[in-house]
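Participant: Can you keep this structure in mind? I'll have questions shortly.
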Amino acid sequence: MSEQDAVNEELRAEGVGLHSLKPAPGSKKDRKRVGRGHGSGHGKTSGRGHKGYNSRAGAKQRARFEGGQNPLHMRMRKLRGPNKKMSMPFEMFRTHTQHVNLDDLEARFDDGAAIGLAELKSTGLAKTRDVPVKILGRGELTKKFSVSAHKFSASARSSIEGAGGTCLLIED
1 MSEQDAVNEE LRAEGVGLHS LKPAPGSKKD RKRVGRGHGS GHGKTSGRGH KGYNSRAGAK
61 QRARFEGGQN PLHMRMRKLR GPNKKMSMPF EMFRTHTQHV NLDDLEARFD DGAAIGLAEL
121 KSTGLAKTRD VPVKILGRGE LTKKFSVSAH KFSASARSSI EGAGGTCLLI ED
């Protein structure tokens, strides 16, 4: 008989098995039974204290409740109108663009370069992936570029095309 069989035989003799399993002593507590007389320690007010909001039935804090101070959704500005960017109450819902100016292109790229989103990202000009890129007209342009972006300002477009370059719109 192997050693494991000897251990199993000994346990069987003691009556240990699935029928005799129980939790370790002290690991399980009875639930608190409130409202069962003052002798229980949880009678009368049932552990809720006297009066006040939290002593009432159905009392619960709303998700947007801030302890009685004016809550965030009421502190934010509310501009009217369904179709304006500014009518939306929170800044995170506005549409954003990454701005790249002509003087940045002039400083970072050589004459005749084809500038797309990958090139702008590699030079650190347009880092965020999902935000559209807009080329703005600050600065003078002396080099010829072929620029691909989501948007162009009128002055940027005229400067790029005036220097002999091209503006290509990216459609997403």
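Residue numbers 1 to 172, in the UniProt record's numbering, belong to the letters of the sequence shown in order. Quick reminder that beta carbons are idealized off the backbone N, C-alpha and C, glycines included.
Would you mind working out which of A63, G67, G43 and H42 sits nearest Y53, comparing C-alpha positions?
Facilitator: The residue among A63, G67, G43 and H42 with its C-alpha nearest the C-alpha of Y53 is G67.
Participant: Does the Cβ-Cβ distance between V133 and A149 come in under 8 angstroms?
Facilitator: yes
Participant: Hey, how far is the Cα of residue 222 from the Cα of K127?
Facilitator: The structure shown does not extend to residue 222, since the chain is modelled only from 1 to 172, so the question has no answer here.
Participant: Need the endpoints of the beta strand (DSSP E) that Q98 sits in, please.
Facilitator: Q98 to N101
Participant: Out of curiosity, what's the CA-to-CA distance linking R65 and R75?
Facilitator: First, the amino acid is wrong: residue 65 is Phe here, not Arg. Their Cα atoms are separated by approximately 13 angstroms.
Participant: Helix, strand or coil for I160 per DSSP?
Facilitator: helix
Participant: Please state the DSSP three-state secondary structure of A6.
Facilitator: helix
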